[in-house]
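Asks:
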Amino acid sequence: MEKSGTQTPLSLAAAQAVRTYAATTRSALGSAESPVISYAGLWLLLASLAPASETETDEILGLNRADARGAALTLLAAPHPTIGAAVAGWLRPGVELTKGLPVMLDPLPEQAGLDAWAEEHTRGLITEFPLEIDARTLLVLASALVVTPRWSEPLDDDGDGLLLLEGGFQAVVETEAAGPVAVACPASEDGISVYSVIAADGVAADDVWRAADEVVRRIDAGEIHDRTFDPDDIDGAGHAWTVEEVTVFGGGSPSERWRSHLPEWRAEDRHDLSAAPGVGEIARGVMAAIEEETEAACVQKAVASYDREGFEAAAVTGMMVRAAAAPRETKVRQIDLRFDRPHAVVAVARGGAWEGIPLFSSWVTPA
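Quick note, the sequence shown lines up with residues 25 to 391 if you use the working numbering.
(1) Here's the rule: buried if 16 or more other CB atoms are within 10 angstroms of the residue's CB, otherwise exposed. What is Trp233?
(2) For Thr146, which three-state DSSP category applies?
(3) Using C-beta distances below 6 Å, list every residue in its chain close to Ala46, excluding the 5 sequence neighbours before and after it, in chain order.
(4) From Glu213 to Trp282, what distance separates their C-alpha atoms?
(5) For Pro75, collect the residues of the same chain with a Cβ closer than 8 Å to its Cβ; drop the 5 residues on either side in sequence, then sort them by chain order.
(6) Using a Cβ distance threshold of 8 Å, determine whether the region 327–340 contacts the region 158–171, with at least three qualifying pairs required.
(7) Name the one or two DSSP bridge partners that Glu319 has.
(8) Please work out which residues of its chain come closer than 6 Å, Cβ to Cβ, to Ala142, disregarding the five sequence neighbours upstream and downstream, and give them in chain order.
(9) Are Glu316 and Ala291 closer than 8 Å when you measure CB to CB?
(10) Name the one or two DSSP bridge partners that Pro395 has.
(11) Pull up the CB-CB distance for His263 and Asp225, whole angstroms please, since I reckon it's below 8 Å.
(12) Check whether the region 292–311 and the region 198–210 touch, using three or more Cβ-Cβ pairs below 8 Å as the test.
(13) Using only alpha-carbon positions, find the residue among Asp331, Glu200, His145 and Phe335 that is nearest to Asp181.
(14) Taking Cβ to Cβ, would you say Leu155 is nearer than 8 Å to Val267?
(15) When DSSP labels each residue in this structure, what does Tyr219 get in the three-state scheme?
(16) Drop a sphere of 10 angstroms on the beta-carbon of Ser279, count the other beta-carbons inside from all chains shown, and report buried for 16 or more, exposed for fewer.
(17) Could you tell me whether the Cβ atoms of Trp67 and Leu53 are closer together than 8 Å?
(18) By the DSSP assignment, the beta strand (DSSP E) with Leu99 in it spans what residues?
(19) Given Leu121, which residues of its chain have a CB within under 6 Å of its CB, disregarding the five upstream and five downstream residues?
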C-alpha cells in the first residue's frame, strides 16, 4: 500500500489521463463486465503514436500529442519492481513510408516472431499475438503490459472454498456512485495495490466501476483508512458483510477483527478495440504514412489470475494496417538449385596482387 518514488507533474497528469481514458473507454465499448481488459495497455500504444495523429489528442488521451508521447516514453523507461511494459512496430520489407512514425520499426516477421514477442514481453502469460498477419499486412504496432505482484503473506483457506484475508486493507465505504461497498486489498511489497470492490446485488457494473474509482481516489487522498466502517447507520448484516460479537482468547486482542473472503479466479479475454476512443484518429494518421489504400484493426488479448500467492495480469494490444485490396498475383519463373550431393567449394581472392588466386578449396560431402 505504500507509494514509492516521487511523481513528476507529467506522471501525475498521465495517471489522471489513464484513469479518465479507462472510464471513457469502458462506457464507449460497454466493457464494464469484460472478464479482463487493459485500458492502460491501449492508452500506452495510442500515446506512443500520438504524434502521428493529425489532430490534437487532449480530449481523447487527456494530454496533447507531445505530452502523451513524453508520458508514454517515461513510463516505458521507468523501472518498477513488478511492471513490464513495451511498445514495438514492424513494417513489411519493401513498403515505403511517406513520413516517419514515432515508433522504431523492425522488419515484419512471420507470425511465430510476433508470438515470441508477446510471450517475451508478458513473462510467458500470453503466448499468441492477438492479430494474425497475412499477405495484406503492411504494418503492425503493439504494446505489452504485465504485472506480477506477490502478496506479502500468502492468503489462507477459509474452509468454504474461498481465500481468507486477515491483513492488508479492508473497509466498508459509502460511495456516491453505488452506495455502500466493501473493499479488500492484500498487502504487497511489489508496488501494486489490487483492490476488490463489491456493491449491492443489482447495482449496475458501470456504477460499481465508478465506485471503485471513487474509493481509490479517496484512499490516495487519505480520506479512507484501513479498517473503516463508513456507513454507521447500517447495523449488523449488509449486502456483503456481517457484524457480530465473537469471543477471542488471549490478552492484547484488538477491539475489531476484520476478515475478507475472496475467490481464487482466472480470466482470459480478447477485445476488438477498433471503436475505442482515439483508435480511429491515430490509426488514420498512421495509415496516411502509406501511399496505397489501407484499412486498420486494433485488437487486445488479456489474461489475469488471482490466487493465494498473488495477482498476475498481462495484455498485448496490437494495431495492424493492411492493404485494402489483396496483393496482385504475379507469375514468376522459379529456379531451385540443390547442392545435396558431393561438390566443390573454392575461395578466390579479388582485388590487387591477389586477384584470381584460389585461396582455399574444399570438396563437400553432404551428410
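Don't be surprised by glycine CBs; every beta carbon is placed ideally from N, CA and C.
Only a predicted model underlies this, so the values are computations on that prediction, with no experimental measurement involved.
Replies: On the basis of the data shown:
(1) Within the sequence shown, residue 233 is the residue found at index 209, counting from 1. Buried, because 16 or more other Cβ atoms sit within 10 Å of the Cβ of Trp233.
(2) Stepping through the sequence shown from its first residue, residue 146 is reached at position 122. Look at Thr146 here: in three-state DSSP terms it is coil, with no helix or strand label.
(3) One-based indexing of the sequence shown puts residue 46 at position 22. Here Ala46 has Tyr63 as same chain residues with Cβ atoms under 6 Å from its own Cβ, once five neighbours each way along the sequence are excluded.
(4) As a first step, residue 213 is located in the sequence shown; it is residue number 189 there, counting from the start. As a first step, residue 282 is located in the sequence shown; it is residue number 258 there, counting from the start. Cα to Cα, Glu213 sits roughly 21 Å from Trp282.
(5) If you number the sequence shown from 1, residue 75 lands on position 51. Answer for Pro75: Arg89, Ala90, Arg93 and Pro126, listed in chain order.
(6) In the pairwise beta carbon analysis, the region 327–340 is classified as touching the region 158–171: at least three pairs are separated by under 8 Å.
(7) As a first step, residue 319 must be located in the sequence shown, where it is residue number 295. Answer is Arg346, bridged to Glu319.
(8) Within the sequence shown, the letter at position 118 stands for residue 142. Excluding sequence neighbours, Ala142 sits near Ile150, Phe153 and Val340.
(9) Taking the sequence shown and counting its residues from 1, the one referred to as residue 316 is at position 292. Taking the sequence shown and counting its residues from 1, the one referred to as residue 291 is at position 267. Result no, Cβ atoms of Glu316 and Ala291 do not sit closer than 8 Å.
(10) Absent from the structure is residue 395, since the part of the chain shown begins at 25 and ends at 391.
(11) Counting from one through the sequence shown, the residue named residue 263 turns up at place 239. Counting from one through the sequence shown, the residue named residue 225 turns up at place 201. Cβ-Cβ separation between His263 and Asp225: approximately 6 Å, consistent with a contact (criterion under 8 Å).
(12) Too few Cβ pairs lie closer than 8 Å, so no.
(13) In the sequence shown, counting from the first residue as 1, residue 181 sits at position 157. Of the listed residues, the one whose Cα sits closest to Asp181 is Asp331.
(14) Stepping through the sequence shown from its first residue, residue 155 is reached at position 131. Stepping through the sequence shown from its first residue, residue 267 is reached at position 243. Their beta carbons are not under 8 Å apart, which means Leu155 does not touch Val267 by this criterion.
(15) Sequence index remark: in the sequence shown, residue 219 carries index 195 (1-based). Tyr219: coil per DSSP, three-state reduction.
(16) Translated into the one-based positions of the sequence shown, residue 279 becomes position 255. With fewer than 16 Cβ atoms within 10 Å of its Cβ, Ser279 is classed as exposed.
(17) Taking the first residue of the sequence shown as position 1, residue 67 is located at position 43. Taking the first residue of the sequence shown as position 1, residue 53 is located at position 29. For the pair Trp67 and Leu53, the CB atoms are not nearer than the 8 Å cut-off.
(18) Within the sequence shown, residue 99 is the residue found at index 75, counting from 1. That residue, Leu99, is in no beta strand (DSSP E); its alpha helix (DSSP H) goes Arg89 to Ala101.
(19) In the sequence shown, counting from the first residue as 1, residue 121 sits at position 97. Cβ within range, chain order: Ala313.
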